[in-house]
Amino acid sequence: MMAKLRIATASLAGCFGCHMALLDMDERLLDLLELVEFDRTPLTDQKELQPCDIGLLEGGVANEDNLATLKLFRQQCKILIAIGACALNGGIPAMRNSFDLKDILAESYLNGMGLANSQIPQDAEIPALLNHVQPLHEIVKIDYFLPGCPPSGETIWLFLQQLLTGQPLHLPYHCLHYD
Amino acid sequence: MAETAEIFIDGQRVAFQAEQTIMMAAHAAGIYIPHLCHHPELKPHGSCRLCVVEVNGRKLSACTTLAQQGQIIHNQRADLIASRRCVLQLLFVEGNHVCPACEKSGDCQLQALAYAVEMISPRFAHFYPQRTVDASHPDILLDYNRCILCELCLRASRDVDHKNVFSLQQRGDKTHLSVNSASGQLADSTLALGDKAMQVCPVGALLSKQTAYQTPIGARLYDQKPIAQGEAHDG
Ligand code: SF4
Ligand code: SF4
Chain A
0 MMAKLRIATA SLAGCFGCHM ALLDMDERLL DLLELVEFDR TPLTDQKELQ PCDIGLLEGG
60 VANEDNLATL KLFRQQCKIL IAIGACALNG GIPAMRNSFD LKDILAESYL NGMGLANSQI
120 PQDAEIPALL NHVQPLHEIV KIDYFLPGCP PSGETIWLFL QQLLTGQPLH LPYHCLHYD
Chain B
0 MAETAEIFID GQRVAFQAEQ TIMMAAHAAG IYIPHLCHHP ELKPHGSCRL CVVEVNGRKL
60 SACTTLAQQG QIIHNQRADL IASRRCVLQL LFVEGNHVCP ACEKSGDCQL QALAYAVEMI
120 SPRFAHFYPQ RTVDASHPDI LLDYNRCILC ELCLRASRDV DHKNVFSLQQ RGDKTHLSVN
180 SASGQLADST LALGDKAMQV CPVGALLSKQ TAYQTPIGAR LYDQKPIAQG EAHDG
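Chains as they are written, first to last, in numbering that gives the first Met the number 0: chain A, 0 to 178; chain B, 0 to 234.
What follows is the structure, given as structure tokens:
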């Protein structure tokens, strides 16, 4: 039997919806575990990233931590996959690109309604925001893309199955959507 | 003799009449040629490049090319589909298309065409242009973030409604739609819900405020079937 492929996942500037959709594969997760073993992922809570065959990233890049994680995944993973609207085009978080970061922070933390002792949070634990939100392919090379907000569990399973068994990638019409 | 006039689209014999474009002849025969800036009731524009087909070895837009006896036309060939995919990828990154937050999602021709050609990746870097939303009109919303400059609203307003509410301003990547009113706001224009201009926007740029989300996401036109299998919202 072939050695299992190592797969890692992370959520950058996303809502964890894509990871929820991954879990939505239900009992097919057992079939997936026949083909792969998980490395770093929120599902196992493993924090260290070993060299992997496949990295699956949800969310775009909105802060310094997202950027570092993306670069680390690119370094450690042979195949890097962008999954979901935010990873592909920035998604909802990228709607802030129409505004100045200074104005956004001021609106949220200084001038917003009902604020007491208003101040912009600054702590080593809180990653600094980048000026703009960017999708993954604008920063590192991405090998495969899977659109959807989120893609359904069925779509993710179909995609991974095709990829892991070396079939040509093809999504039937009802599996391809951007919303 | 008019009754023998015919062209061949992907090998299929299609009859045409004098003065018909390839797009019109195909439409009459139930053959779908992709398009965004075309509407059967409005003067052709030839700008979106989605309807580019190969006619006797030359790439031409089907909406502006007259059908002529015996033309051999390719519509669904792989290289033509690939260049349509590229045009769509360009259109997506030029605007701010956040489909999960757009009330047109599922009814949008830009999105439906991208599905039809299996546009999986954005391919290009996003412009993230700074654009505004005009919500001044009591019944109508104009979201410039999603406008693809097809000029359908402009032509409908000028040629059918005889109101001339819209125009295009500036050139190149600065080109943008604008409203012909003293303030530049829709509220000060003569645009009304019943106008033809309100029925032709292929994307979620020009919207009626009254009907948003009446049909839930997932149950909309192109959620049910691909655009090629049902004619677009062409009036
Ligand atoms: S106009 Fe169409 S492509 Fe643009 S955001 Fe709305 S649904 Fe998506
Ligand atoms: S508002 Fe709609 S119809 Fe008018 S130019 Fe923009 S995309 Fe075309």
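The C-beta atom is built at its ideal place from N, Cα and C for all residues, glycine as well.
Bear in mind that the values here come from a model prediction, so they are computed numbers and not experimental data.
Asked                                                                                                                                                                               : Found
Just the chain B side, please: which residues come within less than 8 Å of Met-94(A) by C-beta, in chain order?                                                                     : Asn-95, Val-97, Ala-100
Can you tell me where the alpha helix (DSSP H) holding Thr-164(A) begins and where it ends?                                                                                         : Segment: none, Thr-164(A) is in no alpha helix (DSSP H) and carries neither H nor E.
Count the CB pairs spanning the region 156 to 163 of chain B and the region 101 to 116 of chain B that are closer than 8 Å, and state whether there are at least three.             : no
Check His-173(A) in the structure and name its three-state DSSP category.                                                                                                           : helix
Go ahead and pull the three-state DSSP assignment for Asn-116(A).                                                                                                                   : coil
Between Ala-66(B) and the rest of its own chain, which residues show a CB-CB distance below 7 Å, the 5 nearest in sequence each way excluded?                                       : Ile-6, Phe-15, Gln-19, Thr-20, Ile-21, Ala-24
How many whole angstroms separate the CB atoms of Tyr-212(B) and Glu-102(B), which I take to be in contact at a CB cut-off of 8 Å?                                                  : 6 Å
Taking a Cβ distance cut-off of 7 Å, strictly less, list which residues of the region 118 to 132 of chain B are near chain A, in chain order.                                       : Ile-119, Ser-120, Pro-121, Ala-124, His-125, Tyr-127, Gln-129
According to DSSP, Leu-8(A) sits in a beta bridge with which residue or residues?                                                                                                   : Note that residue 8(A) corresponds to Thr in the displayed sequence, not to Leu. Answer is Leu-55(A), bridged to Thr-8(A).
Pull up the CB-CB distance for Leu-55(A) and Ile-80(A), whole angstroms please, since I reckon it's below 8 Å.                                                                      : 5 Å
Label Glu-57(A) either buried or exposed according to how many other C-beta atoms from any shown protein chain fall within 10 Å of its C-beta, with 16 as the threshold for buried. : buried
Using DSSP's beta-bridge definition, name the partner residues of Arg-27(A).                                                                                                        : In DSSP, Arg-27(A) forms no bridge with anything.
Can you name the residues of chain A whose CB is closer than 8 Å to the CB of Ser-104(B)?                                                                                           : Tyr-177, Asp-178
Per DSSP, what kind of secondary structure is Gln-267(B) in: helix, strand or coil?                                                                                                 : Outside the shown range of chain B, which is 0 to 234, sits residue 267(B), and nothing can be said about it.
Residues in the region 203 to 217 of chain B with C-beta within 8 Å of chain A's C-beta atoms, listed in sequence order?                                                            : Ile-216
Within a Cβ cutoff of 6 Å, which residues of the same chain sit near Asp-23(A), ignoring the five residues on either side of it in sequence?                                        : Gly-152
Using a Cβ cut-off of 8 Å, which residues of the region 105 to 116 of chain B contact any Cβ in chain A, in chain order?                                                            : Gly-105, Gln-110, Ala-113, Tyr-114
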